[in-house]
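Report on the structure given below.
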Amino acid sequence: MTEDVTVGLIRSVVEHLRKAPEDWASLAVVLDVSRSGVRGALAIAYDADGESVPAAISPSEVDPAVKTYLDSFFGEGDALPVQLLVQFDRASGRYEVTFEDEDPNRWRLTPKTFDTLDETLRPRFD
Amino acid sequence: MSIGKSVIRPLKDALDDMPVHIRQLAEMFRKHAQKQRRNNDGIADVDKFDGVHTVRGDNIKTTIFDPKTNRPISERGHIREDFGSSHRGDNATEIGRTGRSGDDGGHLGGHRFFGDTPDQGIAPQAANLNRGAWRKMENEWADWVATGRHVDYEIRVYPPGSTRPDKFEVEYTVTDPATGKQMTFTPVFDNEPDQVFDRIYKKDMQGK
Numbered sequence: 001m002t003e004d005v006t007v008g009l010i011r012s013v014v015e016h017l018r019k020a021p022e023d024w025a026s027l028a029v030v031l032d033v034s035r036s037g038v039r040g041a042l043a044i045a046y047d048a049d050g051e052s053v054p055a056a057i058s059p060s061e062v063d064p065a066v067k068t069y070l071d072s073f074f075g076e077g078d079a080l081p082v083q084l085l086v087q088f089d090r091a092s093g094r095y096e097v098t099f100e101d102e103d104p105n106r107w108r109l110t111p112k113t114f115d116t117l118d119e120t121l122r123p124r125f126d
Numbered sequence: 127m128s129i130g131k132s133v134i135r136p137l138k139d140a141l142d143d144m145p146v147h148i149r150q151l152a153e154m155f156r157k158h159a160q161k162q163r164r165n166n167d168g169i170a171d172v173d174k175f176d177g178v179h180t181v182r183g184d185n186i187k188t189t190i191f192d193p194k195t196n197r198p199i200s201e202r203g204h205i206r207e208d209f210g211s212s213h214r215g216d217n218a219t220e221i222g223r224t225g226r227s228g229d230d231g232g233h234l235g236g237h238r239f240f241g242d243t244p245d246q247g248i249a250p251q252a253a254n255l256n257r258g259a260w261r262k263m264e265n266e267w268a269d270w271v272a273t274g275r276h277v278d279y280e281i282r283v284y285p286p287g288s289t290r291p292d293k294f295e296v297e298y299t300v301t302d303p304a305t306g307k308q309m310t311f312t313p314v315f316d317n318e319p320d321q322v323f324d325r326i327y328k329k330d331m332q333g334k
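Chains as they are written, first to last, in my numbering: chain G, 1 to 126; chain A, 127 to 334.
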């Protein structure tokens, strides 16, 4: 069950990725979530050389998959995480979803993080 | 040879080498051209929309609107300067009154960036949204500009062309002109009170 909804989440993120080049190699997506749905999305793709490249995701397009995913973990009265970090490597098919329960600015884009956020979010599964 | 291959494609290719806000115009031109069909009398638009352009200093925006309702469908803009507070002489107050009681007339692209705005670029917004989360986002854009970055945005209005939108989906890309690096963030705002935008304040914006 959990694996299925996670795969559904990854598939939705990949299908709705925009701006990225066709041959992107991996990606990281930060989703701001609440009871009313996905309220914000930050996407970063990485090419085969490991360079970060622009990417974008529309919250409304991934909202159904995120809702299904969260509903599989959390009941109606449960506190939701405030952010999800979704990481996926295209070649290996490996993925990871990380919850942030309290800090809505943990993976925020700011001038302070502008030059380093892509490294912070880069998928590393080893 | 078709006009597309002989004229439009070379024009688009040439525009691709231009600065980002010019490329935006090229992209809009290309998208619109894809939504035209040829008939015996010439070319007819399939899209039922019109556009209005606003320029202030180096800032430029284009508002796409429904000509039937005169209300916005989407807006794309490029921001390089923040002009701060200035006299307001447009119809924002009147447009706010076309929404719910207590609504503000919200400038999609921000009065501080574009000044007085054509009616199509203003929408009724819950006052708490306009003066809260939306303003925080504008303030953050101003802070990005103050640190030397450019902001390119697109605001999609739902339902498109509605008198009072239910929702605004914003996509903005921050570009560092020194390195060309870009990052894109996409927040969503329901047109209701108590929307949240966690602004990052300028004092926390290090490195510039």
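No residue lacks a Cβ here, since even glycine has one placed at the ideal position from N, Cα and C.
Keep in mind the model is a prediction, meaning the values are calculated, not measured.
Tell me the DSSP secondary structure of T110/G in three-state form.
Coil at T110/G, not helix or strand.
According to DSSP, which residues form a beta bridge with Q251/A?
For Q251/A, which the question treats as bridged, DSSP gives the partners D230/A.
Skipping 5 residues on each side, what residues in its chain have a beta carbon closer than 6 Å to that of D230/A?
Cβ within range, chain order: G222, Q251, A253 and N256.
Would you tell me roughly how many angstroms separate the C-alpha atoms of G232/A and F311/A, rounded to the nearest one?
For G232/A and F311/A, the distance between alpha carbons rounds to 21 Å.
Between which two residues does the alpha helix (DSSP H) containing D269/A stretch?
Segment A259 to A272, the alpha helix (DSSP H) holding D269/A.
Thinking C-beta only, is K187/A closer than 8 Å to R197/A?
In this structure, K187/A does not lie closer than 8 Å to R197/A by Cβ.
Where does I199/A fall in DSSP's three states?
The answer is strand: DSSP assigns I199/A an E or B state.
Using the C-alpha atoms, what's the distance from N265/A back to Q83/G?
Taking the straight line from one Cα to the other gives about 23 Å.
May I ask you to report which of helix, strand or coil DSSP gives K187/A?
Three-state result, K187/A: strand.
Helix, strand or coil for G40/G, going by three-state DSSP, please let me know.
In the structure shown, G40/G sits in a strand (DSSP, three-state: E or B).
Three or more C-beta pairs closer than 8 Å, one from the region 206-214 of chain A and one from the region 237-246 of chain A: is that the case here?
Judged by Cβ distances under 8 Å, the region 206-214 of chain A makes contact with the region 237-246 of chain A, as three or more pairs qualify.
If we call anything under 8 Å between Cβ atoms a contact, is D47/G one with W24/G?
Contact: yes.
Can you round the beta-carbon distance between E207/A and G225/A to whole angstroms, since I take them to be within the 8 Å contact cut?
The Cβ separation is near 30 Å, so there is no contact.
Classify H108/A as helix, strand or coil using the three-state DSSP reduction.
This structure cannot speak to residue 108/A, because chain A is shown only from 127 to 334.
Would you say R39/G lies against chain A (beta-carbon separation less than 8 Å)?
Chain A, which has a Cβ nearer than 8 Å to the Cβ of R39/G, makes this yes.
Closer than 7 Å by C-beta to T128/G: which residues in its own chain qualify, once you throw out the five before and the five after it? Chain order, please.
This structure leaves residue 128/G out entirely; chain G is present only between 1 and 126.
Is the distance from the Cβ of D242/A to the Cβ of D216/A below 8 Å?
Yes, these two residues count as a Cβ contact at 8 Å.
Answer yes or no: do S200/A and V283/A have a C-beta to C-beta separation smaller than 8 Å?
Yes, they are a contact pair.
What's the call for V29/G, buried or exposed, on a 16-neighbour Cβ count within 10 Å?
V29/G is buried by the Cβ-count criterion.
Give me whichever residues DSSP pairs with V181/A in a beta bridge.
Note: V181/A sits in a beta bridge opposite I186/A.
Would you mind reading off the limits of the alpha helix (DSSP H) that contains R238/A?
Where R238/A is concerned, the enclosing alpha helix (DSSP H) stretches over H237 to F240.
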